[in-house]
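**Q** Please see the structure below; I have some questions.
2 protein chains.
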Amino acid sequence: MTVRIENVGQAVRQTQYAVRGPIVARAQALERQGREIIYCNIGNPQSLGQRPQTWVRQVLALVEYPALLESAAAAFPADAVEAARTVLAGTGGHGVGAYTESKGLLFVRQAIARFIDRRDGIPAGGAGAADPEAIFLSDGASKAGQGVLHLLVSEQGDGILIPTPQYPLYSATITLLGGSQAPYLLDEAHDWRLDRAELERAVAGAKARRITPRAIVVINPGNPTGGVLAERDVEMVLEFARDHDLAVLADEVYQENVYGQGERFVSFASVLGRRGFTDVSLFSFHSVSKGLLGECGHRGGYVECRNVPAEVMAEFVKLQSVALCSNTIGQIVTWLMVTPPPVGGPSRARWEAERREVFETLARRARMVEEGLNAVPGIRCNRVAGAMYAFPQVTLPEGMTDDQYCLQLLEETGICVVPGTGFGQAPGTWHFRTTILPPIDKIEAVVKRIGEFHRKVTAGR
Amino acid sequence: MTVRIENVGQAVRQTQYAVRGPIVARAQALERQGREIIYCNIGNPQSLGQRPQTWVRQVLALVEYPALLESAAAAFPADAVEAARTVLAGTGGHGVGAYTESKGLLFVRQAIARFIDRRDGIPAGGAGAADPEAIFLSDGASKAGQGVLHLLVSEQGDGILIPTPQYPLYSATITLLGGSQAPYLLDEAHDWRLDRAELERAVAGAKARRITPRAIVVINPGNPTGGVLAERDVEMVLEFARDHDLAVLADEVYQENVYGQGERFVSFASVLGRRGFTDVSLFSFHSVSKGLLGECGHRGGYVECRNVPAEVMAEFVKLQSVALCSNTIGQIVTWLMVTPPPVGGPSRARWEAERREVFETLARRARMVEEGLNAVPGIRCNRVAGAMYAFPQVTLPEGMTDDQYCLQLLEETGICVVPGTGFGQAPGTWHFRTTILPPIDKIEAVVKRIGEFHRKVTAGR
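If you read the sequences in order, they're chains Z and L. With positions in the first sequence counted from 1, the corresponding number in my numbering is that position plus 220. With positions in the second sequence counted from 1, the corresponding number in my numbering is that position plus 220.
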């Protein structure tokens, strides 16, 4: 063979991505042998029965095949027809089969800017308003995150502060780019609190290793933790970033997934604007894959930039342009995410009901998972205040790792979760990540079986 | 600002991608000022009036909004309804809103394998048959190409042989990955012939610079050249790759775009199989963006691997998995590209007629561009035997570069083409690349205006 594994670069070979790692491969092998597997390894709502939003899919059908606007208009509500016409006009009449601008379709970026202003209570066009030219559409938020890291990381001395535990997109991409991780610990004893002293320790630790911290990644609501930051935390991170000359990557893809009583999502962009951090560069990410849509397969997402010099944004455009543009349907799903059906229109009530149903069952499942796991001696789970996951700490028998625990759980119960190692955890602690996504009737069984398994494993040694 | 241009890595900053470079930016600025621009810079058929295939769009509408299968079945031919049901079943019932396997949906990869065998005349499942597990779906072929290069290039000493002229995806990606280009010249005097002696020269040149050649990129049909390789050329490249321990990257995205009399597309996979090159690693790329579909916006494509060790393919899966999977709609457009409506079914005649129309007008436009340009003194254009471009050589007045020529052409005529510099050209020669995609009524004017402009520029100095 003229391609050999030993010629594949170290960075690629060292990269790890546990969410689709060996345990998931084993689950797929068992499934092929006929075992029933419950996939709790990945936030993929529609694979576990969540239904797509009617509003989104009606408009997509019409823009894919505009002849329906004539031949089957009766099968669609008038506001969906109207929205489809708006989309088709927004493509310059080219439809969804043409490459778009590298940044993505302008009318989509404009709608996102209005959405951000509305969400953050900023008068459109006023001070602190979002700029459509600083928004870049991408094939899911992951690609946007990888693109931004590509701007920041080019050598081992480039460090990125990432939480522990974190979503492994960040560790994997930093490794691929040849940079260095500078991990900071979230405080598990205080509901995964973010603490400035710990951030300072992470910066000092990086510098001691001759690493220059370039940016800090914050995931809010937290993946895998389920934590939700308060406004004062967001402000603290921005102050910290200013003081240490760091860019901020705000992974806000779970912004609609806040279930905790009294909790609410506060965007980094809003605090940056309100508190006047005019010198801190901010990249905020959002996605159609999570929230109440769960349109993972459509690969839609964006990054919004603030306080990023034009020359740097031009480099980002160039990076995007090498593969031309993100997929148009993902772009349009993003438009639909930020463009609800009009109030009083024929689609509105159904849209609201579908959203409410998804939200309520997610909130209920978050509680069921949290309470069910906490009822098991030796499992301790923080509040699942947001996102789609629980990250419980498990007390394991001497000599057992979380990898072994999760593999055995899979073999014995068919439940596929991801070991804490894949996300990072405080030394001497073990965890796993499970999604809260199986349907209500199954999630009860999942929690029960995990509990039985845990009791058996810990009693048996 | 906490992000600054001087901290962006050299590899990113040095990367160039002329197809969307400064001349295109200038064209967009002129357009905003009200000028009519004819975009001949990019192979984007549906932006220039090519209509999508009905078969493709009907099935996509149904899979996006499966309620239409009940509510509006009468608006669709029975075979499109059937195909939509096949697709939905192929997603495991999850529909298009769920993440797929990192490689892409299995039923799509199976259909691609059957398509390759059919195209290459190989009995399905027999020796040399394509393996669905060695096929990776991607957001357009560009992403697949970047992924494969990521496996091959990790440092300056890793060299990739690329043609001159080439499609700048390759040069850009090699630069981004920190590797080295090892250019080989296509012989313009002999219709862009590929010559073994020149390939040997390129390898020797690379080695003299302490670069280890890892792979050779071949674009067939050629972009930007329009050349089509004969079977003996393909065989020669495989022999050359075997002799020098190189992988082969076969960019075959224009495989359906062969217009020349007596020319036909011969895939690298077919020759590799027939001639028994069991040791040469081959990566073959295809896309929904070109051919007769022109579905650029949907970002669908794939790479098929032959003679690639399982460990290396596992690294590719891992790279893909970090951003989860390619977009499902692009995957399904790929399935539709390789799955025609059944013979005798209600969609077949229309499908054939639409394909024929696209093919015939492309072939006619290829001739018009070639002949029209060759009629201008000082412009010499090889045969446009395939693909979607002409790459004529222009004799310029002393002191004028092709960048200046193309910019002036844009300013004076509104025609946007890309300078030869963006693709590479023999020293001392100047070229530009134009697509053959403007509609028949416009392309005549394009060629005429280029001719007038050229006469003026060359007479005026």
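Where a beta carbon is used, it is the ideal one built from N, C-alpha and C, also for glycine. Given the structure is predicted, the values throughout are model-derived calculations rather than measurements.
The alpha helix (DSSP H) spanning Z:F485 covers which residue range?
**A** Translated into positions along the first sequence, residue 485 of chain Z becomes position 265. Run containing Z:F485: none; DSSP gives neither H nor E here.
**Q** Kindly list the residues whose CB is nearer than 7 Å to the CB of L:F335, restricted to its own chain and excluding five residues on each side of it in sequence; keep chain order.
**A** Sequence index remark: in the second sequence, residue 335 of chain L carries index 115 (1-based). Cβ neighbours of L:F335 beyond the five flanking positions: V558.
**Q** List the residues of chain Z whose Cβ lies closer than 9 Å to the Cβ of L:E476, in chain order.
**A** As a first step, residue 476 of chain L must be located in the second sequence, where it is residue number 256. Chain Z residues near L:E476: none, gap ~16 Å exceeds 9 Å.
**Q** Taking 8 Å as the cut-off, does the stretch 448-456 of chain Z touch the stretch 482-490 of chain Z (at least 3 CB pairs, one atom from each stretch)?
**A** Yes, the stretch 482-490 of chain Z touches the stretch 448-456 of chain Z.
**Q** Spatial neighbours of Z:Y390 within its chain, please: C-beta separation below 6 Å, excluding the five flanking residues on both sides.
**A** Locating residue 390 of chain Z in the first sequence gives position 170, counting from the first residue. Closer than 6 Å at Cβ, skipping near neighbours: I382 and V437.
**Q** In chain order, what are the residue ranges of uninterrupted alpha helix (DSSP H) at least 4 long that sit wholly in the stretch 451-521 of chain L?
**A** As far as the stretch 451-521 of chain L is concerned, its whole alpha helix (DSSP H) runs of at least 4 residues are 451-463 and 488-494.
**Q** So if DSSP puts Z:R526 in a beta bridge, which residue, or which two residues, is it bridged to?
**A** Here residue 526 of chain Z is taken as the residue at index 306 of the first sequence, counted from 1. Answer by DSSP bridge pairing, in chain order: Z:L502.
**Q** Under three-state DSSP, which class holds Z:S267?
**A** Along the first sequence, one-based indexing puts residue 267 of chain Z at 47. Helix, per DSSP.
**Q** In the DSSP assignment, what are the bridge partners of L:G432?
**A** The residue given as residue 432 of chain L occupies position 212 in the second sequence. It should be pointed out that residue 432 of chain L corresponds to Thr in this sequence rather than to Gly. Note: L:T432 sits in a beta bridge opposite L:D378.
**Q** Would you kindly work out how many angstroms separate the C-alpha atoms of Z:F296 and L:R603, rounded to a whole number?
**A** The sequence position of residue 296 of chain Z within the first sequence is 76, counting from 1. The sequence position of residue 603 of chain L within the second sequence is 383, counting from 1. Straight-line Cα distance between these residues: approximately 50 Å.
**Q** Note down the Cα distance separating L:G589 from L:A607, rounded to an integer number of angstroms.
**A** Here residue 589 of chain L corresponds to residue number 369 of the second sequence, with the count starting at 1. Here residue 607 of chain L corresponds to residue number 387 of the second sequence, with the count starting at 1. Note that residue 589 of chain L corresponds to Val in the displayed sequence, not to Gly. Distance between the alpha carbons of L:V589 and L:A607: 13 Å.
**Q** DSSP three-state call for Z:A651: helix, strand or coil?
**A** For the purposes of this step, residue 651 of chain Z is taken as residue 431 along the first sequence, with counting starting at 1. The displayed chain sequence assigns His, not Ala, to residue 651 of chain Z. Of the three classes helix, strand and coil, the one that applies to Z:H651 here is strand, per DSSP.
**Q** Go to L:Y404, then tell me how far its alpha helix (DSSP H) extends in each direction, as first and last residue.
**A** In the second sequence, counting from the first residue as 1, residue 404 of chain L sits at position 184. Per DSSP, L:Y404 belongs to no alpha helix (DSSP H); it is in the beta strand (DSSP E), S400 to L405.
**Q** What do you reckon, are the CB atoms on Z:F497 and Z:C525 nearer than 9 Å?
**A** Counting from 1 along the first sequence, the entry for residue 497 of chain Z is found at position 277. Counting from 1 along the first sequence, the entry for residue 525 of chain Z is found at position 305. Not in contact: Z:F497 and Z:C525 (Cβ atoms no closer than 9 Å).
**Q** Within 10 angstroms of the Cβ of Z:V553, are there 16 or more other Cβ atoms? Answer buried if so, exposed if not.
**A** Looking up residue 553 of chain Z in the first sequence gives position 333. Flag for Z:V553 reads buried.
**Q** Mapping the DSSP letters down to three states, classify Z:R600 as helix, strand or coil.
**A** If you number the first sequence from 1, residue 600 of chain Z lands on position 380. Correct three-state label for Z:R600: strand.
**Q** Considering only residues of the same chain and omitting the five flanking positions on each side of L:W275, which have a CB-CB separation below 7 Å?
**A** Position 55 of the second sequence, counted from the start, is the residue given in the question as residue 275 of chain L. Once the five neighbours on either side are set aside, the close Cβ partners of L:W275 are A300, L556, P561, S567 and W571.
**Q** Under 9 Å, Cβ to Cβ, is there at least one residue of chain Z near L:Y609?
**A** Here residue 609 of chain L refers to the residue found at position 389 of the second sequence. Cβ-Cβ to chain Z under 9 Å: no for L:Y609.
**Q** Could you tell me which of L:I394, L:K510 and L:V373 sits nearest to L:N440, measuring between CA atoms?
**A** Counting from 1 along the second sequence, the entry for residue 440 of chain L is found at position 220. Answer by Cα proximity: L:K510.
**Q** Which residue from L:L544, L:L627 and L:A238 puts its Cα closest to that of Z:G520?
**A** In the first sequence, the residue the question calls residue 520 of chain Z occupies position 300. That would be L:L544, whose Cα lies nearest to the Cα of Z:G520.
**Q** According to DSSP, what are the bridge partners of Z:A610?
**A** The residue labelled residue 610 of chain Z in the question sits at position 390 within the first sequence. Answer by DSSP bridge pairing, in chain order: Z:T654.
**Q** Would you list the residues sitting across from Z:I336 in a DSSP beta bridge?
**A** Numbered from 1 along the first sequence, position 116 holds the residue referred to as residue 336 of chain Z. According to DSSP, Z:I336 bridges with nothing at all.
**Q** Residues in the same chain with beta-carbon distance under 6 Å from Z:A586, minus the five sequence neighbours each way, listed in chain order, please.
**A** Residue numbering aside, residue 586 of chain Z sits at position 366 when the first sequence is read from its first letter. Result list for Z:A586: Y479, V604 and I656, in chain order.
**Q** From L:H259 to L:T432, what distance separates their C-alpha atoms?
**A** The residue given as residue 259 of chain L occupies position 39 in the second sequence. The residue given as residue 432 of chain L occupies position 212 in the second sequence. Note that residue 259 of chain L is Tyr in the sequence shown here, rather than His. Distance between the alpha carbons of L:Y259 and L:T432: 39 Å.
**Q** Should Z:E284 be flagged as near chain L, meaning a C-beta pair shorter than 9 Å?
**A** In the first sequence, the residue the question calls residue 284 of chain Z occupies position 64. Interface residue, yes.
**Q** Taking all protein chains shown into account, decide if Z:A679 is buried (16 or more other Cβ within 10 angstroms of its Cβ) or exposed.
**A** Here the question's residue 679 of chain Z lines up with position 459 in the first sequence. Z:A679 should be labelled exposed.
**Q** Are there 16 or more other CB atoms within 10 angstroms of the CB of Z:H410, so buried, or fewer, so exposed?
**A** Start at 1 with the first residue of the first sequence, and residue 410 of chain Z comes out as number 190. Flag for Z:H410 reads exposed.
**Q** What does the Cβ neighbour count give for L:T393, buried or exposed, with the cut at 16 atoms within 10 Å?
**A** By 1-based counting over the second sequence, the position of residue 393 of chain L is 173. Per the 10 Å Cβ criterion, buried.
**Q** Between the stretch 320-338 of chain Z and the stretch 353-363 of chain Z, do at least 3 Cβ pairs fall closer than 8 Å?
**A** Yes: at least three Cβ pairs fall under 8 Å.
**Q** Output needed for Z:R462: all residues of its chain with C-beta closer than 7 Å, excluding positions within five of it in sequence on either side, in chain order.
**A** Sequence index remark: in the first sequence, residue 462 of chain Z carries index 242 (1-based). So the qualifying residues of the chain are F497, D499 and V500.
**Q** Could you tell me if Z:I660 is buried or exposed, where buried requires 16 or more neighbouring beta carbons within 10 angstroms of its beta carbon?
**A** As a working mapping, residue 660 of chain Z is identified with position 440 in the first sequence. Under this definition Z:I660 is an exposed residue.
**Q** Can you name the residues of chain Z whose CB is closer than 7 Å to the CB of L:R434?
**A** Translated into the one-based positions of the second sequence, residue 434 of chain L becomes position 214. The contacting residues are N227.
**Q** Taking 8 Å as the cut-off, does the stretch 630-639 of chain L touch the stretch 231-247 of chain L (at least 3 CB pairs, one atom from each stretch)?
**A** Yes: the two stretches touch, three or more of their Cβ pairs being nearer than 8 Å.
**Q** Given a cut-off of 9 Å, decide if Z:N261 and Z:C516 are closer than it, judged by their beta-carbon atoms.
**A** On the first sequence, residue 516 of chain Z is found 296 positions in, with the first residue counted as 1. On the first sequence, residue 261 of chain Z is found 41 positions in, with the first residue counted as 1. Their beta carbons are not under 9 Å apart, which means Z:C516 does not touch Z:N261 by this criterion.
**Q** How about L:H314 and Z:Q551: do their beta carbons lie closer than 9 Å?
**A** Looking up residue 314 of chain L in the second sequence gives position 94. Looking up residue 551 of chain Z in the first sequence gives position 331. Not in contact: L:H314 and Z:Q551 (Cβ atoms no closer than 9 Å).
**Q** Give every residue of the same chain whose Cβ lies closer than 8 Å to the Cβ of Z:V537, excluding the five residues on either side of it in the sequence, and list them in chain order.
**A** One-based indexing of the first sequence puts residue 537 of chain Z at position 317. These residues qualify, in order along the chain: S322, K323 and F356.
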